[in-house]
Amino acid sequence: MTNEERNSARQTLANAIRVLSVDAVQQANSGHPGAPLGMADIMEVLWNSFLKHNPKNPNWPGRDRFVLSNGHGSMLLYSLLHLTGYDVSIDDIRNFRQFESKTPGHPEYGYTPGIETTTGPLGQGIANAVGMAAAEQILASQFNRDGHQIVDHNTYVGLGDGCMMEGISHEACSLAGTLKLGKLMAFYDDNGISIDGEVEGWFSDDTPKRFEAYGWHVVRDVDGHDAAAIEKAVIEAQLVTDKPSLICCKTIIGKGSPNKEGSESCHGAPLGKEEIELTRERLNWPHKEFEIPENVYTGWDATEKGAAAEAEWNEKFSAYQAAYPELSAEFERRIAGDLPENWTEIASDFIRSVDQAGASIPSRKASQNAINAYAPALPELLGGSADLGESNNTVWANSKSIMPPSPEGNYVHYGVREFAMSAMMNGIALHSGLIPYGGTFLVFSDYARNGLRMSSLMSLKAIYVFTHDSIGLGEDGPTHQPVEHASSLRLIPNMSVWRPCDAVESAVAWKTAIERNGPTSMLYSRQKLDHQPRTAEQVENIERGGYILVDTDGEPDAIIISTGSEVSIATTTAQKLLEEGVKVRVVSMPSTDEFDSQNASYRNHVLPSNIDKRLAIEAGVSDLWYKYVGLNGHVIGIDRYGESAPAAILFEHFGFTVDHAMTELKRILK
């Protein structure tokens, strides 16, 4: 085959992406055809010449990862999956953006075989990819041995101007350069167009220079429609193993559309039937809509090559098993996401010992104690903090910082990059083999919020350690004192939120976070919290999110519900009222979502529906608690910002005292 014939064949393969994409967008009457049209040539080179994957086993551990960060161009990815042989049929392509289809508007992890992460919120895909590449590097340092490179794959990313503009890309790509992630390669679709038009009026960065400053290897000015030039750039980038690589591809958005290419008009709307016909003529594509010739399918089919690549890896892994049976078994356990066989015993023993010790300590310290107890049994735990390790107490006795050029370690210094931390943690969790946890102050969960949302959307085991959980942090004042944040996190569907009242609840919170198939946010105090005495049954019920901590003989007259540092106010109030003959129950509710998930019988046992004299106490906004206290109840909360002063003065000023709680409860009981 001559070069001319080869180039023509490759152009035909790329055009299959283009026509499938515009047909699907047109049928759905919504979508984004510009990116698939413009990036088709780049993806043809990557997927046919470089990407190591097996369409018949999308979860093969040895595969390369591909992330489409500019996820609005999802038909690009769906076309690639369909053409290369994944379980994405032509009917799935026809059902693009339809209810319960495999091809939703943006790529969604868990919906479609071959989708490595959910993308759409721009910039997060590249940050996920940084996490994936970091996970590969860390796992390689833990499991590879001389002559046995079982963790050895690349992470590829497609991204556009929108991702480059989003602040998270700056955060994550800066850290990627510092970590020297040599197996990360990004393709920048540099078409100069965003939704509002030509970006030169609002995005004039010298992007290649910026990435060079981050410590990336940069290949500039690649013709994104020239297969040979793209291939040459990839080969050049592969030779650089101590830096991530950015390949800057000059492309034309909507390439092939005679009247719309190069314009924002093709970014986020169907081309229209007439324009699609003109595009077919321009691309020399005589076939009907959704019709792909057999020779094109044959040219794209990656099943045979993928099966061979996996078989080769399996042979390597068999040799690894023979040489290192224990290490290979540990690798398989961790990739599968299974916990150690003795996990339940370890966790139960620790919780019991904490209860017996009865220490009154800050819950952030209790969290650190839990990590120290659990981490030796869980080498998959990968810690970190956004430059607050000593304040968050996320550093434990055997923490080993990952410091370039060595990737060996179990603790990532994310720097002051809360958003990148959360999105990288998502990528680490998606990669499999590691359980990431990361810390910052609760008030700065705002910076990370969309990353937390994506953790929840994908049901990822990402553990967030948020300390300095209320006005109780004191003198730093209202900029650092979270007020609305606990309730805000509780609003995120599928995010489990824990605010423990002492060391025992803190240990249980960590246990549930490690066992949960989904993300967890744990809110810990700066100040010391009193140990709460419990029976064995009460300790067991902590996992249910809400339980009776103090009770009275017979039916209570009133119920106090509380969390965190305010539980001690509730229990002291109850004891005083019990001495006065008032029958009071105290319910500690460290996790409202876990409590809400319990059966109706248990919930009614803890909060009987016939007892409507209720008081909730939490040093945060009050709205959520009316769900539990009802119209006849009352909430001691804080619906304004705090002040700069010592914690004790602030609690007195804002009414978080036993005297105030007693007054309010007596008022309710009148």
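So the sequence shown is numbered by our numbering: it starts at 4 and just counts up by one.
Even for Gly, the Cβ is constructed at its ideal location relative to N, Cα and C.
query, result
"DSSP beta-bridge partners of LEU581", "LEU581 is not bridged to any residue."
"Local Cβ density within 10 Å of MET665, reported as buried at 16 or more and exposed below that", "buried"
"Sufficient close CB pairs (3 or more, under 8 Å) joining the stretch 489 to 496 to the stretch 529 to 541", "no"
"Residue-chain proximity (THR87, chain B), Cβ-Cβ < 7 Å", "Given the protein chain composition of this structure (a single chain), no chain B is represented."
"Sufficient close CB pairs (3 or more, under 8 Å) joining the stretch 212 to 223 to the stretch 20 to 37", "no"
"Pick from PHE69, ASN51, GLN140, ASP94 that is closest to GLY412, judged by C-alpha positions", "GLN140"
"Length at least 3, wholly inside the stretch 141 to 188: the beta strand (DSSP E) runs in chain order", "158 to 163"
"Closest by C-alpha distance to GLU267, when choosing among PRO261, ASP199, ARG285, HIS663", "ASP199"
"Per DSSP, the bridge partner or partners of TRP501", "MET525"
"Identity of the residues DSSP links to PRO365 by a beta bridge", "LYS531"
"For GLU201, three-class secondary structure by DSSP", "strand"
"Where LYS630 sits in the DSSP three-state scheme", "helix"
"Validate contact between the stretch 480 to 489 and the stretch 339 to 351 using beta carbons, cut 8 Å, 3 pairs", "no"
"Touching by the beta-carbon criterion (3+ pairs, under 8 Å), the stretch 57 to 64 and the stretch 295 to 303", "no"
"For ASP192: DSSP bridge partner residues", "GLY163, CYS252"
"GLU487 vs TYR450 beta-carbon contact at 7 Å", "no"
"Limits of the beta strand (DSSP E) - the one that VAL564 falls within", "Per the sequence shown, residue 564 should be read as Ile rather than Val. It spans 561 to 565 - the beta strand (DSSP E) in which ILE564 sits, taken as one unbroken run."
"ILE438 - containing beta strand (DSSP E), residue span", "438 to 444"
"Classification of HIS608 by the beta-carbon crowding that lies within 10 angstroms, buried from 16 upward", "exposed"
"DSSP bridge partner residues for LEU463 (one or two, in chain order)", "According to DSSP, which records beta bridges pairwise, LEU463 is partnered with nothing at all."
"GLY163 vs ASP192 beta-carbon contact at 7 Å", "yes"
"Close-in-space but distant-in-sequence residues of the same chain around GLN371 (CB under 8 Å, 5 per side omitted)", "ASN396, THR397, VAL398, TRP399"
"Start and end residues, alpha helix (DSSP H) containing HIS663", "661 to 672"
"Simplified DSSP state of TYR89, which is helix, strand or coil", "coil"
"Cβ contact (3+ pairs, closer than 8 Å) linking the stretch 310 to 323 and the stretch 59 to 74", "yes"
"Proximity of GLU546 and THR515 at Cβ, strictly below 7 Å", "yes"
"Three-state secondary structure (DSSP) of LEU342", "coil"
"For ILE620, the three-state DSSP class (helix, strand or coil)", "strand"
"Cβ separation of ALA389 and VAL419, assumed to be a contact under 8 Å, to the nearest whole Å", "6 Å"
"Terminal residues of the alpha helix (DSSP H) in which LEU40 lies", "37 to 52"
"Classification of GLY204 by the beta-carbon crowding that lies within 10 angstroms, buried from 16 upward", "exposed"
"Proximity winner among SER366, MET428, ASN401, relative to ALA376 (alpha-carbon distances)", "ASN401"
"Cβ-based neighbour list, TYR605, same chain, cut-off 8 Å, excluding 5 preceding and 5 following", "ARG547"
"The stretch 73 to 88 in contact with the stretch 7 to 27 per 3-pair CB rule at 8 Å", "yes"
"Residue nearest to SER499 in terms of C-alpha spacing, selected from ASP44, LEU249, SER594", "SER594"
"Contacting residues, own chain, Cβ-Cβ under 7 Å from PRO39 (five flanking each side not counted)", "ILE20, ARG21, SER24, GLY76, MET78, LEU79, SER82"
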